[in-house]
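S.K.:
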């Protein structure tokens with residue numbers, strides 16, 4: 000098979016093992032930053048979205064058969080059938096966590112949260128690895144290693160890895176879809192086409208579709224990633240016509256591969272988000288009216304069109320609100336500003352030097368970030384899919400600067416700047432993760448209250464106290480026992496007294512107290 004050289008070659012070197020070794024180091028450090036202090040809230044379930052995910056996950060039961068799995072009306076994997084009719088998240092992370100928890104014997108209310116957090120951290124680490132492969136395909140391993148390090152040390156990605164939510168899964172599969180789009184963009188077209196089953200465009204389009212479908216089954220807002228597939232074929236055709244018009248892929252074949260990607264997207268979404276469809280079997284593919292209505296209601300809440308209290312905080316936010324937070328907090332000033340500078344330089348090359356190959360990722364990044372900037376609730380978390388590509392922009396910009404300064408014998412200046420940005424980014428990540436090495440402030444404050452402030456009923460220990468909760472307006476009266484349960488916070492210290500802070504009555508009163516161990 001005759002082929003043209005790749006327009007974006009990866010230089011071969013006997014020193015590739017160094018990059019592999021450094022990549023392992025980056026992934027190891029990134030893994031450490033993501034799993035340190037995973038039980039940061041000490042099973043108090045302080046994050047409302049995560050707590051909701053935990054409640055839904057523990058309510059589900061594994062499907063007994065494949066037929067049951069696709070039976071929307073009866074499956075116990077369908078949140079709507081277990082009491083959670085308003086579930087707008089993707090079900091792929093939900094199912095994965097439930098089945099892994101079942102396999103590990105860790106499916107209880109407290110345990111499943113930790114399983115979900117570990118899987119979320121793993122998903123983000125895989126996104127870092129995918130970014131490395133994507134960047135290496137386009138710009139070589141040096142830039143790829145730097146991009147992976149920036150992404151591994153991005154504080155927003157680290158923070159999200161400490162939560163059992165769906166966002167890291169969507170980011171992983173969107174980055175994976177971008178990788179297959181880049182493979183299509185960088186494929187060389189030869190004069191002799193291979194057999195259809197060996198055509199790399201076919202496999203890359205199919206894999207792109209699978210990744211996109213899983214991204215949608217993690218978070219429906221991942222839909223914009225779908226434009227990368229036709230964008231990759233269009234830009235490759237643009238570059239190909241300039242170099243060798245006779246060897247470009249025909250428009251008909253490109254359209255066929257785009258349709259193939261759409262088919263695999265639909266297939267993956269059908270399997271991983273089965274209850275978006277009415278069922279009851281696999282081929283019952285009409286959309287589930289309840290799912291559609293739920294998405295519409297959630298959209299109204301998130302857009303400010305309804306009086307939804309959590310949405311009120313976004314009133315009068317400036318258009319640049321989430322971008323500022325990304326740069327200042329999610330990436331940190333050094334990495335954030337470097338990423339913006341790299342994106343600006345890439346845009347200049349597209350406009351002035353007509354380097355259209357850069358437009359695929361730059362255009363998608365600009366589109367996605369701009370879309371989120373205009374949303375009513377412009378949170379940093381919703382920008383999460385942009386973080387890996389922001390890391391790529393920063394790495395590419397620093398590498399290009401190094402190449403420009405090398406010709407002027409000032410390569411050391413570029414190296415110094417790169418090291419400074421990298422160390423500052425790691426320092427910000429390390430400082431941030433120290434919050435996971437100490438008690439959460441809300442937990443610590445609760446402990447202080449318990450130890451310092453008496454309650455209506457207070458247990459006294461040798462060196463501490465523990466207030467017990469009681470119903471509002473409780474009166475303990477004769478012939479009507481009051482029964483309560485508690486877990487001792489001071490099991491190693493003997494109970495010495497019990498105080499009734501608001502005891503009242505006339506004459507002498509007696510109280511009968513019984514303590515017993517609960518089997519629960």
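Numbering (the numbering used here), first residue to last: 0 to 519.
C-beta: ideal position from N, C-alpha, C; glycine also.
1. Helix, strand or coil, according to DSSP, for residue 85 in the structure here?
2. Which full runs of the alpha helix (DSSP H) of 4+ residues lie inside the stretch 32 to 76, going along the chain?
3. Please list the terminal residues of the continuous alpha helix (DSSP H) segment that includes residue 131.
4. According to DSSP, is residue 407 part of a helix, a strand, or is it coil?
5. Starting from residue 100, trace the alpha helix (DSSP H) in both directions and tell me its first and last residue.
6. DSSP state of residue 330, grouped into three classes?
7. In whole angstroms, what separates the C-alpha of residue 509 from that of residue 490?
8. Considering only the alpha carbon of each residue, which of 84, 182 and 424 lies closest to residue 51?
9. Determine which residues share a DSSP beta bridge with residue 286 and list them.
10. So what does DSSP say about residue 9, is it helix, strand or coil?
11. Could you give the DSSP three-state label for residue 3: helix, strand or coil?
12. Are the stretch 221 to 239 and the stretch 275 to 286 in contact at 8 Å, needing three or more beta carbon pairs?
13. Ordered along the chain, which non-local residues of its own chain (more than five positions away) have a Cβ less than 7 Å from that of residue 118?
14. Grab me the residues of residue 385's own chain with a C-beta within less than 7 Å of its C-beta, minus the 5 sequence neighbours each way, in chain order.
15. To test your reading of the DSSP string, which unbroken alpha helix (DSSP H) runs of 4 or more residues are found completely within the stretch 184 to 243?
16. What is the rounded straight-line gap between the Cα of residue 466 and the Cα of residue 494?
17. Helix, strand or coil for residue 500, going by three-state DSSP, please let me know.
18. Please state if the CB of residue 395 and the CB of residue 341 are separated by a distance shorter than 7 Å.
19. Here's a check: name, in chain order, each residue in its chain whose Cβ is nearer than 7 Å to the Cβ of residue 217, leaving out the five neighbours to either side.
20. For residue 558, list the residues DSSP reports as bridge partners.
21. Starting from the N-terminal side, write out each stretch of the alpha helix (DSSP H) that is 4 residues or longer and does not extend beyond the stretch 358 to 395.
22. Is the stretch 175 to 188 touching the stretch 197 to 204, taking contact as three or more C-beta pairs under 8 Å?
23. Pop quiz: residue 526 and residue 36 are said to be a contact at Cβ under 8 Å. What is the actual Cβ separation, rounded to whole angstroms?
24. Quick one: give me the first and last residue of the alpha helix (DSSP H) that residue 448 is part of.
25. Give me the DSSP bridge partner(s) of residue 466.
26. Do you know whose CA, among 44, 29, 57 and 152, lies nearest residue 333's CA?
27. Please classify residue 290: is it buried, with 16 or more other beta-carbons within 10 angstroms of its beta-carbon, or exposed?
28. To the nearest angstrom, report how far apart residue 0 and residue 327 are at their CA atoms.
29. For residue 270, which beta-bridge partners are listed by DSSP?
30. Where does residue 476 fall in DSSP's three states?
31. In whole angstroms, give me the CA-to-CA distance for residue 483 and residue 101.
32. I think residue 215 touches residue 268, with their Cβ atoms under 8 Å apart; what is that distance to the nearest whole Å?
33. How far does the alpha helix (DSSP H) with residue 508 in it extend, from its first residue to its last?
34. Short of 6 Å in beta carbon distance, which residues of its chain neighbour residue 515, apart from the five on each side in sequence? Order them along the chain.
35. Which value, in whole angstroms, describes the spacing of the CA atoms of residue 3 and residue 236?
36. Given this structure, state the Cα-to-Cα distance separating residue 468 from residue 457, to the nearest angstrom.
M.R.: Put simply:
1. coil
2. 47 to 58 and 65 to 68
3. 108 to 138
4. coil
5. 91 to 103
6. coil
7. 27 Å
8. 84
9. 276
10. Low local confidence applies: a pLDDT of 46 at residue 9 is under 50, so the model's placement there is unreliable, and no value is given.
11. For residue 3, the predicted structure reports a pLDDT of 38, less than 50, and the residue's modelled location is therefore unreliable. The matter cannot be settled from this model.
12. no
13. 95, 96 and 99
14. 364, 367 and 368
15. 199 to 215 and 227 to 242
16. 13 Å
17. coil
18. yes
19. 89, 91, 92, 165, 168, 169 and 172
20. Because the chain in this structure spans residues 0 to 519, residue 558 falls outside the shown range and cannot be described.
21. 358 to 372
22. yes
23. Since the first residue of the chain shown is 0 and the last is 519, residue 526 is not available in this structure.
24. 440 to 451
25. 457
26. 152
27. buried
28. For residue 0, the predicted model reports a pLDDT of 36, less than 50, meaning its position is unreliable and no value from the coordinates is stated.
29. Its beta-bridge partners do not exist; DSSP assigns none.
30. strand
31. 32 Å
32. 5 Å
33. Run containing residue 508: none; DSSP gives neither H nor E here.
34. none
35. Bear in mind that a pLDDT of 38 at residue 3, under 50, signals an unreliable position, so the number given afterwards is only what the model happens to contain. Their Cα atoms are separated by approximately 14 Å.
36. 9 Å
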